[in-house]
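Participant: Structure below; questions to follow.
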Amino acid sequence: MDRFRSGAGLSPIQQAEAYWMALRSGTDIPFRSQIDPRGLDKVLEYAFILERVAPGIARFRLAGQHLCALAGMEVRGMPLTAMFTASARNQISATLEHVFDTPAIAEVTLAGERQNLRGSCEARMILLPLKSDTGATTRILGVLVADGDFGRQPRRFDVTRTSLCNLNTASPRPQIVAHAAEGFAEAQTALSGKAPYLRLVKTDER
1 MDRFRSGAGL SPIQQAEAYW MALRSGTDIP FRSQIDPRGL DKVLEYAFIL ERVAPGIARF
61 RLAGQHLCAL AGMEVRGMPL TAMFTASARN QISATLEHVF DTPAIAEVTL AGERQNLRGS
121 CEARMILLPL KSDTGATTRI LGVLVADGDF GRQPRRFDVT RTSLCNLNTA SPRPQIVAHA
181 AEGFAEAQTA LSGKAPYLRL VKTDER
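Start counting the sequence shown at 1; every next residue gets the next number (our numbering).
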C-alpha cells in the first residue's frame, strides 16, 4: 500500500481531510451545508456523502464516478455496506457507528474480493463526520481510492485494517485511540469488542 501513502493515490484522502479540518470551528464538527464542491474539485470523483438512516446503516446521498465504476452502477441511495463483502459488513457497520456516535475519523484499508480471472485490487477509505442542519452528527464526508484491476463487474471489498481517531471536544487535534490489527478476521473481532485486539495509544499525536 506504499503507493497510497506516497503517491498520487493518497492525495484525494489527504486533500479531503485537510478541507474538512479547515471547516472546523475550534473543536466543533463541520456542518453538511458547509461542504462546497468547489473546495473538493480535484477529488470529487473519489468523494461521497453518507446519510445515517439506521444504526450501522448509512446510504450514499452523493458519490463520485470512481465509486460508481467500482460498483458497476450508480450507487446513490445504496448503503455503504453494499460496497463490501458479506463478511465485512458487520465491521463497516461498527465503524460507521463509532464515527457517528463518538464522533471520530476512521481510515480503512481495503482489499478487493478475490475472484477468478481478476487481478488484485487495493483501496483506502476515510470517513469524516458531519452535522446535519439540526446539529446531529448524521452525515459523513468520505473518500475511497482504489488501485488495481477494476474490470466491468462490481468490485466488493474486505477490510484489512481500521484506524480510529476520536475527536476530542476539548482539543481541535484528533486523538488516535485504537488500531485494528492487520488481517480481516482480527480487525472484525476488534471492532465488535469480542477480543482484545485493539492497541490503545495514549497520545495526542495523530
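Every residue gets a Cβ at the ideal spot worked out from N, C-alpha and C, and that includes glycine.
1. Counting Cβ pairs, one atom from each stretch, are 3 or more of them under 8 Å apart for the stretch 18-33 and the stretch 150-164?
2. Which of the three DSSP states, helix, strand or coil, is assigned to residue 163?
3. Kindly indicate which three-state DSSP category residue 79 falls into: helix, strand or coil?
4. Would you kindly work out how many angstroms separate the C-alpha atoms of residue 78 and residue 60, rounded to a whole number?
5. In chain order, what residues of the same chain have a beta carbon less than 6 Å from the beta carbon of residue 184, not counting five sequence neighbours either side?
6. Contact defined as beta carbons within less than 8 Å: I believe residue 16 pairs with residue 50. What is the distance between those atoms, to the nearest angstrom?
7. Exposed or buried, residue 103, counting other C-beta atoms within 10 Å across all chains shown (16 or more means buried)?
8. What is the residue span of the alpha helix (DSSP H) that residue 234 lies within?
9. To the nearest angstrom, report how far apart residue 85 and residue 96 are at their CA atoms.
10. What separation, rounded to the nearest whole angstrom, lies between the Cα atoms of residue 38 and residue 87?
11. Whose C-alpha, out of 57, 70, 146, is nearest the C-alpha of residue 122?
12. Determine the burial state of residue 99: buried for a count of at least 16 other Cβ atoms within 10 Å of its Cβ, exposed for fewer.
13. Give the straight-line distance between the Cα atoms of residue 82 and residue 67, rounded to the nearest whole angstrom.
14. If you draw a straight line from the C-alpha of residue 280 to the C-alpha of residue 43, how long is it?
15. Name, in chain order, the residues that DSSP records as bridge partners for residue 154.
Facilitator: Let me lay it out:
1. no
2. strand
3. strand
4. Answer to the nearest angstrom: the Cα atoms are 6 Å apart.
5. With a pLDDT of 34 at residue 184, under the threshold of 50, the predicted position of this residue should be treated as unreliable, though the coordinate-derived value follows. Within the same chain, residue 184 has close Cβ partners 158, 159, 160.
6. Rounded to whole angstroms, the Cβ separation of residue 16 and residue 50 is 13 Å, and the two are not in contact under 8 Å.
7. With 16 or more other Cβ atoms within 10 Å, it is buried.
8. Since the first residue shown for the chain is 1 and the last is 206, residue 234 is missing from the structure and cannot be characterised.
9. 16 Å
10. The alpha-carbon atoms of residue 38 and residue 87 are separated by roughly 37 Å.
11. 146
12. buried
13. Counting only the Cα atoms, residue 67 lies some 11 Å from residue 82.
14. What the structure shows of the chain is the stretch from 1 to 206, and residue 280 is not part of that stretch, so it cannot be assessed.
15. Paired residue(s): none; residue 154 is not in a bridge.
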